[in-house]
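First the structure, in the form of structure tokens, and then the observations on it.
Number of protein chains: 2
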Amino acid sequence: MQLTRLLHIQNPIIQGAMARISTPVLVAAVSNAGGLGVLTTATSTAQSLQADLKAIRASTRKPFGVNLMLQQNNINDLLPVLLADPVPAVFTSAGNPAPFLQNLLNVGTTVIPVIPNVEIAKKMADLGANAVVAEGAESGGHIGTETTMSLVPQVVDAVNIPVIAGGGIGTSAGVKAAFALGAAGVQVGTAFLVAEETPVDQNYKQLVIQASDTGTVVTGTGANRVRSLKTPLTEKLLATTDSKLFQQLSTGSLQRAIDGDTERGSFMAGQIAGAIHEIRPVKAIIAELAKGVPSIIEYLY
Amino acid sequence: MQLTRLLHIQNPIIQGAMARISTPVLVAAVSNAGGLGVLTTATSTAQSLQADLKAIRASTRKPFGVNLMLQQNNINDLLPVLLADPVPAVFTSAGNPAPFLQNLLNVGTTVIPVIPNVEIAKKMADLGANAVVAEGAESGGHIGTETTMSLVPQVVDAVNIPVIAGGGIGTSAGVKAAFALGAAGVQVGTAFLVAEETPVDQNYKQLVIQASDTGTVVTGTGANRVRSLKTPLTEKLLATTDSKLFQQLSTGSLQRAIDGDTERGSFMAGQIAGAIHEIRPVKAIIAELAKGVPSIIEYLY
Chain A
1 MQLTRLLHIQ NPIIQGAMAR ISTPVLVAAV SNAGGLGVLT TATSTAQSLQ ADLKAIRAST
61 RKPFGVNLML QQNNINDLLP VLLADPVPAV FTSAGNPAPF LQNLLNVGTT VIPVIPNVEI
121 AKKMADLGAN AVVAEGAESG GHIGTETTMS LVPQVVDAVN IPVIAGGGIG TSAGVKAAFA
181 LGAAGVQVGT AFLVAEETPV DQNYKQLVIQ ASDTGTVVTG TGANRVRSLK TPLTEKLLAT
241 TDSKLFQQLS TGSLQRAIDG DTERGSFMAG QIAGAIHEIR PVKAIIAELA KGVPSIIEYL
301 Y
Chain B
1001 MQLTRLLHIQ NPIIQGAMAR ISTPVLVAAV SNAGGLGVLT TATSTAQSLQ ADLKAIRAST
1061 RKPFGVNLML QQNNINDLLP VLLADPVPAV FTSAGNPAPF LQNLLNVGTT VIPVIPNVEI
1121 AKKMADLGAN AVVAEGAESG GHIGTETTMS LVPQVVDAVN IPVIAGGGIG TSAGVKAAFA
1181 LGAAGVQVGT AFLVAEETPV DQNYKQLVIQ ASDTGTVVTG TGANRVRSLK TPLTEKLLAT
1241 TDSKLFQQLS TGSLQRAIDG DTERGSFMAG QIAGAIHEIR PVKAIIAELA KGVPSIIEYL
1301 Y
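Keeping their order, the protein sequence lines are chains A and B. So in our numbering, the last spot in the first sequence is 301, and the numbers never skip. So in our numbering, the last spot in the second sequence is 1301, and the numbers never skip.
The following block contains the structure:
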């Protein structure tokens, strides 16, 4: 099934959830422009989630998604909201949605786990997930180890549900390449991070725009691998072997970046930052990304 | 200029140089099948290089390439051979070819540096390189940090010479994606590693074929970052902080892999190993990779 039909959207472009950044204004803007906006719930309470859903629905009649990062400790508070007041789509990441996946499907929500490898993709397909996002390690924020170029075709071969490619995609060329790899759609984060509609300080956006192709670095290990722009903070994180200091430097560092603190902020961004050159409205970003999509789909299939 | 015209080859498929592996039999097979075989010189002397060139020319009348990995300590021995008896193409990697690039161009050799980022790509274009290979960190062996999906379109935007995409490409889907990213051709390593024509023990080929999408790991740092299959050796390398022990375990480990020593060998391979499922002749591998190439080029341009 084509992703646009599954999600009732015009363009197969998913806005990747960004903690503290993909708030209702961005979500509604992406959905209004024919993509799928995805709300972060990283810092939500049941009450604030209800308010966010209300704000999104007041701004768009188009479908949208909600992300649950399963390392969050608020999942049990948020799930009842999503079951009582169903949303079009839920994306899950960094954990196993098995305990509640069927409940979401039962209320009519499309469930799309973000996965880092073939084994987990297969498990999610077996559980009844409607699609998966295969996310390469070139992404910003918390990442796995496999790259989009290698991961996506292997996931496409392994499952019979649509595969959305994420990681390293921020331009029209990347979108076309994702379809050539067999993806049914793309997840884009960094390109939307610098949209006019994000609640992010100009310092953050300027650092993304000024970044070169080698402008990001990975800090941390295992479940704490994080890709962000090279800044004074990442230098300190890479220099220390003291896990207590690492933790202390990291805590609150994303919010400090959003507030524009270039010294102590963690400016999460993907490798494709080097290809992103201006602050634009969401509508212009989606228009560029979507250019030629129907044509390449027709060519490939 | 199209890469096929620059190199006088039928298919824009370059066989990536593999130390101790891409010896004359493989090189000639790739060139005879319409790609460009590339000889490794990692362990060559002037005399053995002359013998290798003779062996290649006895087996094919098609163009081929020679790789110079500039960390090798035999470069000053090999260069006079390549200047006295010019070859169609020289690929350089892991160093700056500025001191001799013009000399190679002067004898009619096409010079193509393998580059890990935009800055070095620009330098090589300014020096007069005929093309570059933009090689992502999903590659096997010695690698950089940027990935194919992100690196290739940024290099394509930055230089006016053909860009060959390398890293994560081992199937028809990857080849098409590379062209969508703006590449003029592809460099393929791991898929040729398991060709019938390589001087590699069956143990090595079987490990590649059995590898899953998460079957490789990166050991070492800086210029010593190496991607290989997860084996007892990589576990030991990742566990140690003793640089002397690391060195001791590493020395000779690629040859041990080629000889089939699964305990102590370094089985260098790229992430795309997970998508490679059989030992085949070079001709069959190239036929699969080249399928649809003229069509996608026509579609894109």
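Ideal placement from N, C-alpha and C gives every residue a C-beta, glycine not left out.
Residue i burial status per 10 Å Cβ neighbour count (16 or more: buried)
| i | result |
| --- | --- |
| A/Arg5 | exposed |
| B/Val1200 | buried |
| A/His277 | exposed |
| A/Gly303 | Shown here, chain A extends from 1 to 301; a query on residue 303 of chain A therefore has no answer. |
| A/Thr23 | buried |
| B/Gly1037 | buried |
| A/Ser44 | buried |
| A/Val208 | buried |
| B/Tyr962 | Residue 962 of chain B is absent from the structure shown; chain B starts at 1001 and stops at 1301. |
| A/Asp85 | exposed |
| A/Ser295 | exposed |
| B/Glu1138 | buried |
| A/Leu238 | exposed |
| A/Arg61 | exposed |
| A/Gln187 | buried |
| A/Gly128 | exposed |
| B/Ala1191 | buried |
| A/Gln271 | buried |
Selection from the options that minimises the alpha carbon distance to residue i
| i | options | result |
| --- | --- | --- |
| B/Gly1215 | A/Asn103, A/Pro294, A/Gln154, A/Ser59 | A/Gln154 |
| B/Gln1015 | B/Ser1212, B/Thr1045, B/Val1133 | B/Val1133 |
| B/Ile1161 | B/Asn1011, B/Thr1110, B/Ile1279 | B/Thr1110 |
| A/Gln255 | A/His8, A/Arg264, A/Glu197 | A/Arg264 |
| A/Glu135 | A/Leu127, A/Ala121, A/Ala125, A/Ala129 | A/Ala121 |
| B/Gly1233 | B/Arg1225, B/Ser1250, B/Ser1243 | Looking at the sequence shown, residue 1233 of chain B is not Gly but Leu. The option with the nearest alpha carbon to B/Leu1233 is B/Ser1250. |
| B/Ser993 | B/Ser1228, B/Arg1227, B/Glu1138, B/Thr1219 | The question about residue 993 of chain B has no answer, for chain B in this structure spans 1001 to 1301. |
| B/Ile1021 | B/Glu1197, B/Thr1262, B/Thr1231 | B/Glu1197 |
| A/Asn76 | A/Glu235, A/Ala42, A/Val38 | A/Ala42 |
| B/Ile1009 | B/Ser1295, B/Gly1065, B/Ser1059, B/Ala1058 | B/Gly1065 |
| A/Asn73 | A/Asp52, A/Ile56, A/Ala46 | A/Ala46 |
| B/Val1156 | B/Phe1267, B/Ala1029, B/Ala1125 | B/Ala1125 |
| B/Lys1230 | B/Asn1067, B/Phe1246, B/Asp1213, B/Leu1068 | B/Asp1213 |
| B/Tyr1221 | B/Gly1108, B/Phe1246, B/Ala1284 | In the sequence as presented, Tyr is not what sits at residue 1221 of chain B; that position holds Thr. That would be B/Phe1246, whose Cα lies nearest to the Cα of B/Thr1221. |
| B/Phe1100 | B/Gln1271, B/Glu1298, B/Lys1236, B/Val1081 | B/Val1081 |
| B/Ala1290 | B/Leu1300, B/Gln1202, B/Phe1267, B/Lys1176 | B/Lys1176 |
| B/Val1107 | B/Gly1035, B/Val1087, B/Ala1211, B/Glu1138 | B/Val1087 |
| A/Ser59 | A/Ala223, A/Val27, A/Leu237 | A/Val27 |
| A/Ala302 | A/Leu53, A/Pro12, A/Ala19, A/Ala17 | The requested residue 302 of chain A is not part of the displayed model; chain A covers only 1 to 301. |
| B/Phe1371 | B/Ile1258, B/Arg1057, B/Ile1112, B/Glu1146 | Missing from the structure shown is residue 1371 of chain B; chain B here goes from 1001 to 1301 and no further. |
| B/Gln1050 | B/Leu1078, B/Ser1031, B/Met1069, B/Pro1063 | B/Leu1078 |
| B/Gln1210 | B/Glu1235, B/Ala1273, B/Ala1165 | B/Ala1273 |
| A/Asn130 | A/His142, A/Ala29, A/Asn224, A/Ala184 | A/Ala184 |
9 Å Cβ cut-off: residues of chain B touching residue i
| i | result |
| --- | --- |
| A/Lys236 | Result: empty, since nearest Cβ-Cβ is about 18 Å, beyond 9 Å. |
| A/Glu263 | Ordered by position in chain B, no residue passes the 9 Å Cβ test against A/Glu263, which lies about 24 Å from the chain. |
Chain B contact residues for residue i, given Cβ-Cβ distances below 7 Å
| i | result |
| --- | --- |
| A/Asn117 | Asp1213, Thr1214 |
| A/Tyr299 | Tyr1299 |
DSSP bridge partner residues for residue i (one or two, in chain order)
| i | result |
| --- | --- |
| B/Ser1150 | The partner list for B/Ser1150 (beta bridge, DSSP) is empty, contrary to what the question assumes. |
| A/Glu358 | The requested residue 358 of chain A does not occur in the structure, where chain A is confined to residues 1 to 301. |
| B/Ala1089 | B/Gly1065, B/Thr1110 |
| B/Arg1227 | B/Gly1141, B/Val1218 |
| A/Val118 | In the DSSP output, where bridge partners are listed per residue, A/Val118 has none listed. |
| B/Gln1187 | B/Ile1014, B/Gly1166 |
| B/Leu1036 | B/Ile1014 |
| B/Met1124 | DSSP output for B/Met1124 lists no bridge partner at all. |
Chain A contact residues for residue i, given Cβ-Cβ distances below 9 Å
| i | result |
| --- | --- |
| B/Gly1167 | Thr147, Met149, Ser150 |
Under 8 Å by beta carbon: chain A residues contacting residue i
| i | result |
| --- | --- |
| B/Ala1180 | Ala173, Lys176, Ala177, Phe179, Ala180, Ile296 |
| B/Gly1136 | Thr147, Met149 |
(request) Could you please tell me which residues of the segment 1207-1234 of chain B, in chain order, have their CB closer than 7 Å to any CB of chain A? (result) Within the segment 1207-1234 of chain B, the qualifying residues are Ser1212, Asp1213, Thr1214.
(request) May I ask you to list, following chain order, the residues of the segment 1143-1156 of chain B that have a beta carbon less than 9 Å from some beta carbon of chain A? (result) Cβ contacts with chain A: Gly1144, Thr1145, Glu1146, Thr1147, Thr1148, Met1149, Ser1150, Leu1151, Val1152, Pro1153, Gln1154, Val1155, Val1156.
(message) So if I threshold CB-CB distances at 8 Å, which residues from the segment 1255-1279 of chain B count as touching chain A?
(response) For the segment 1255-1279 of chain B, residues whose beta-carbon sits nearer than 8 Å to a beta-carbon of chain A comprise Gly1270, Gln1271, Ile1272, Gly1274, Ala1275.
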